[in-house]
Each structure stands twice: as structure tokens, then as C-alpha cells.
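Asker:
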Amino acid sequence: MLEAVKGYLKITWEDEDVEIGRLIAQGEAELTELCGADLDFVTEGLARSLLFDHVRYAYNNASEYFSENFAEKILRLQLKTGVDEMVAANET
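Numbering (my numbering), first residue to last: 19 to 110.
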């Protein structure tokens with residue numbers, strides 16, 4: 019995940035790997051909390067895309083603007099997660 023995020027941010031040096039790793043973990047935790055469910059950040063999709071953008075905002079000291087600027091995508095992820103959980107519950 020670290021290398022993928024660094025590629026997204028166009029970072030080729032290793033000096034900030036620990037900080038970027040911390041930002042990834044922080045973003046995963048925040049998005050998981052917002053959706054109230056475990057999310058798949060490994061496969062390409064909305065959760066991964068939002069994680070990359072969350073890290074980008076946090077890396078650039080603008081994390082306070084993330085929720086506002088991505089509110090529509092966050093809501094879409096929350097709805098998709100809820101529907102997926104409901105479908106999974108009905109299949110059992």
C-alpha cells in the first residue's frame with residue numbers, strides 16, 4: 019500500500035515512509051469509522067480512492083477540508099457499504 023500511495027503522491031524518496039505509513043493507517047481508521055464497517059483498501063474502488071485522497075490531504079496539511087470536499091463520495095461509500103452488508107446478511 020505504501021508504494022501505491024507514494025506513486026499517487028509522486029514521492030520517490032524514502033525519507034517520509036514512516037510518516038506516510040502513519041497517514042495511511044490514520045486514513046483507513048477514519049474511513050472505516052465513517053462507514054461503520056471493514057473496508058477493502060487493497061482492491062481498486064471507491065474506498066481505495068478515498069484513502070489515497072485522504073492521505074494526500076493529510077500530507078499537504080489540509081485534512082480539515084477532506085470531509086467537505088469528498089462528502090458526496092463518502093456518502094456513496096457509506097451507502098454502498100450498507101447495501102453490501104444487507105445483501106450479505108440476507109444471503110445467509
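Glycine included, every Cβ here is placed at the ideal spot set by N, Cα and C.
Everything numeric in this text was worked out from a predicted model, so none of it was measured.
Taking the alpha helix (DSSP H) that residue 77 falls in, what are its first and last residues?
Answerer: 64-77
Asker: What residue does the alpha helix (DSSP H) around residue 106 start on, and which one ends it?
Answerer: 89-109
Asker: Does the pairing of the segment 57-67 with the segment 26-34 give three or more beta-carbon distances under 8 Å?
Answerer: no
Asker: Within 10 angstroms of its Cβ, does residue 76 collect 16 or more other Cβ (buried), or is it exposed?
Answerer: buried
Asker: Got a sec? Which residues, its chain only, sit under 8 Å from residue 51 by beta carbon, not counting five neighbours each side?
Answerer: none
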